[in-house]
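Asks: Quick one: the structure is below, and I'll ask about it shortly.
Residue numbers (UniProt numbering): 1 to 259.
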């Protein structure tokens, strides 16, 4: 009977996971359809680095523009559905956590969403626009850009997504520091290796082979590494102070017991 109950709990667990996946996919689909009705306005924002400098974008296939709008709608739908997806993940995991763990996990879910969206917004307005405008001007007046909409949007999505993930680094560093799995000394000692890994990762993540785009991406990534190291140092000092207070309290309790 115990075995049957255990099997039923596993089945129920899988059913709950299936429900989470269905709702997440359905939420993404619904919001992607809603985004399609505003896709021209969204495209105008994404094309602004080109149109502001007088450049035009083309498409070379009959169905290219249509499928690009579908691709972009799914991407926007996924971003818009992130609160729904994270809520489903939260509801799936939270019953297995203790009361104090639920608070930290809820905080992690909320902050991870803010960091991800913040990374995408920062990358577009702070890095992407400037990078595209610089690269177009770098070509000079003799060269005329003929950019296709499919390659441009693919380049944009590929450029923005890694920034959303990289912006999670300070949050992850905070959690690892709280768990005492990393420390500031380790991060400071391995700065040169971190810089090398960041440059290699930027070279892999950026869809263009030029050095300038790689530097534009790797610069903010390294600043996030330094910010993470700073956060770890603050957490480390707070943990050390807490441990000293606990030791003093234990020592005072031991002295009181002896008297």
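No residue lacks a Cβ here, since even glycine has one placed at the ideal position from N, Cα and C. These figures come from a predicted structure and were not determined experimentally.
Let me know the alpha helix (DSSP H) ranges lying completely inside the region 169 to 236, each 4 residues or longer, listed in chain order.
Replies: Correct list: 169 to 178, 184 to 189 and 191 to 205.
Asks: The alpha helix (DSSP H) spanning residue 54 covers which residue range?
Replies: Unbroken run through residue 54: none, as it is neither H nor E.
Asks: Return the first residue and the last residue of the alpha helix (DSSP H) that residue 143 is part of.
Replies: No alpha helix (DSSP H) contains residue 143, which DSSP labels as neither H nor E.
Asks: Just the Cα atoms here: how many angstroms apart are residue 85 and residue 23?
Replies: Approximately 8 Å, taken between the alpha carbons.
Asks: Kindly indicate which residue of 10, 11 and 224 has the alpha-carbon position closest to the one of residue 187.
Replies: Comparing Cα positions, the closest option is 224.
Asks: Rounded to whole angstroms, what's the CA-CA distance from residue 203 to residue 119? Just pull it up for me.
Replies: Their backbone Cα atoms lie some 18 Å apart in a straight line.
Asks: If residue 80 sits next to residue 31, beta carbons under 8 Å apart, how far is it from one beta carbon to the other, in whole angstroms?
Replies: Sure, about 4 Å apart at Cβ, within 8 Å.
Asks: Could you compute how far the alpha carbon of residue 142 sits from the alpha carbon of residue 135?
Replies: Taking the straight line from one Cα to the other gives about 14 Å.
Asks: What's the call for residue 17, buried or exposed, on a 16-neighbour Cβ count within 10 Å?
Replies: Result: exposed.
Asks: In three-state DSSP terms, what is residue 106?
Replies: It is helical.
Asks: Would a C-beta distance cut-off of 8 Å place residue 116 and residue 167 closer than the cut-off?
Replies: Contact flag set, yes.
Asks: Cβ atoms of residue 174 and residue 235: under 8 Å apart, would you say?
Replies: Yes, Cβ-Cβ distance for residue 235 and residue 174 is below 8 Å.
Asks: Looking at the unbroken alpha helix (DSSP H) that takes in residue 156, where does it start and where does it end?
Replies: Its alpha helix (DSSP H) spans residues 149 to 166.
Asks: Would residue 182 pass as a contact of residue 232 if the rule is Cβ separation under 8 Å?
Replies: Cβ atoms of residue 182 and residue 232: closer than 8 Å.
Asks: Checking 8 Å against the spacing of the C-beta atoms, do residue 229 and residue 184 come in under that value?
Replies: In this structure, residue 184 lies closer than 8 Å to residue 229 by Cβ.
Asks: Could you check which residue in 196, 73, 88 and 247 has the C-alpha nearest to that of residue 43?
Replies: If we check each option's Cα against that of residue 43, 73 comes out closest.
Asks: Residues in the same chain with beta-carbon distance under 8 Å from residue 82, minus the five sequence neighbours each way, listed in chain order, please.
Replies: Once the five neighbours on either side are set aside, the close Cβ partners of residue 82 are 113, 116 and 117.
Asks: Spatial neighbours of residue 92 within its chain, please: C-beta separation below 8 Å, excluding the five flanking residues on both sides.
Replies: Only 16, 17 and 20 meet the Cβ criterion.
Asks: Note down the Cα distance separating residue 26 from residue 35, rounded to an integer number of angstroms.
Replies: So the alpha carbons of these two residues sit roughly 14 Å apart.
Asks: In this structure, how does DSSP classify residue 38 when only helix, strand and coil are distinguished?
Replies: Residue 38: coil per DSSP, three-state reduction.
Asks: Where does the unbroken alpha helix (DSSP H) through residue 126 begin, and where does it stop?
Replies: Note, residue 126: premise wrong, no alpha helix (DSSP H); not H, not E.
Asks: Work out the CA separation of residue 14 and residue 5 for me, nearest whole Å.
Replies: The pLDDT assigned to residue 5 is 39, lower than 50, so where the model puts this residue is not dependable; a value taken from the coordinates is nonetheless given after this. The alpha-carbon atoms of residue 5 and residue 14 are separated by roughly 14 Å.
Asks: What does a CB cutoff of less than 8 Å around residue 133 pick up in its chain, not counting 5 residues either side in sequence?
Replies: Closer than 8 Å at the Cβ level, and outside the excluded window around residue 133, lie 49, 52 and 53.
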